[in-house]
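Written out below as structure tokens is the structure these notes cover.
In my numbering, the protein residues as written are 39 to 295.
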């Protein structure tokens, strides 16, 4: 049997309304009880902007550590603006908030990256920051195309800044872009430092995230193509009628898959 890997539960797996109502700490504790190693805090699920204040983030982070978990900080902000420029303000805010939380990773969307990565400026922002910066493939054309991610890492290499950031590879999100996840994994595996695990059901605008089936060979093939040692995040919704059982089941399954 392969060595178990760290499994992260993404807050949204418990339901967006449940997190906004109960707060992140309640669901971080549920993640601990399910056997997860870490918990992903989602900025868009804060009930109030005050929850993103440094003192509030620091208190939440300390409580998560006291549970025995490490954390990921996810923000819907994008690293690049729609016209292709580095969004330095968005990066600095995300880093400041993730640092206050004490997060291991800070995750942004890629946004409108075009051709220039501006890796030196990114490195300058990261020089005094502890969280590892990762960008995620999203569901929209902007920030979700395979060509953009290949282009980003090629540009960083050209600029002599290879490795300045990593990737969150969302297996399910490629479906919104009609990209086969296995194809994307073949091109991007070397840069993947965190995996969001989900599949999808439905088509087009009626497409929704879903849990992978135990016998899903396509999903298993993608996991096999990606680095074995990187954390795996559960980002599909748990059954509201059996949240605790679902969470424990999928943590154990994904840790060993």
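We treat Cβ as the ideally placed atom computed from N, Cα and C, and that holds for glycine.
Can you give me the start and stop residues for the alpha helix (DSSP H) that residue i sits inside?
i, result
"residue 160", "157–164"
"residue 103", "92–104"
"residue 174", "Looking at the DSSP string, residue 174 is not in any alpha helix (DSSP H); the run it does join, the beta strand (DSSP E), is 170–174."
"residue 191", "184–196"
What are the boundary residues of the beta strand (DSSP E) that includes residue i?
i, result
"residue 76", "76–80"
"residue 117", "108–118"
"residue 143", "143–149"
"residue 204", "204–208"
"residue 45", "45–48"
With respect to 7 Å, is the separation between the Cβ of residue i and the closest non-hydrogen atom of the ligand GTP below this value?
i, result
"residue 250", "The model depicted lacks the ligand GTP and carries no ligand whatsoever."
To which residues of the same chain is residue i closer than 6 Å at the C-beta, ignoring the five residues directly before and after it?
i, result
"residue 140", "99"
"residue 240", "246"
"residue 259", "220"
Report yes if the C-beta distance between residue i and residue j is below 8 Å; otherwise report no.
i, j, result
"residue 117", "residue 173", "yes"
"residue 80", "residue 120", "no"
"residue 58", "residue 110", "no"
"residue 114", "residue 144", "no"
"residue 234", "residue 271", "yes"
"residue 78", "residue 48", "yes"
"residue 44", "residue 66", "no"
For residue i, collect the residues of the same chain with a Cβ closer than 7 Å to its Cβ; drop the 5 residues on either side in sequence, then sort them by chain order.
i, result
"residue 275", "51, 53 and 247"
"residue 84", "90"
"residue 95", "135, 138 and 139"
"residue 284", "276 and 277"
"residue 263", "220, 223, 224 and 227"
"residue 39", "Note on residue 39: pLDDT 43, under 50, position unreliable in the model; no value is reported."
Can you check which of these residues, the options, is closest to residue i by C-alpha distance?
i, options, result
"residue 176", "205, 107 and 193", "205"
"residue 182", "168, 146, 192 and 61", "146"
"residue 189", "156, 167 and 238", "156"
"residue 214", "197, 180 and 67", "180"
"residue 245", "265, 232, 211 and 202", "211"
"residue 223", "266, 198 and 202", "266"
"residue 282", "63, 70 and 150", "70"
"residue 231", "269, 259 and 149", "269"
"residue 46", "102, 88, 61 and 82", "102"
Within the same chain, show all residues whose beta-carbon is closer than 8 Å to that of residue i, passing over the 5 residues directly before and after it, in chain order.
i, result
"residue 252", "291"
*At what residue ranges does the segment 226–282 contain a whole run of the beta strand (DSSP E), taking only runs of 3 or more?*
230–235, 237–239, 246–248 and 270–272
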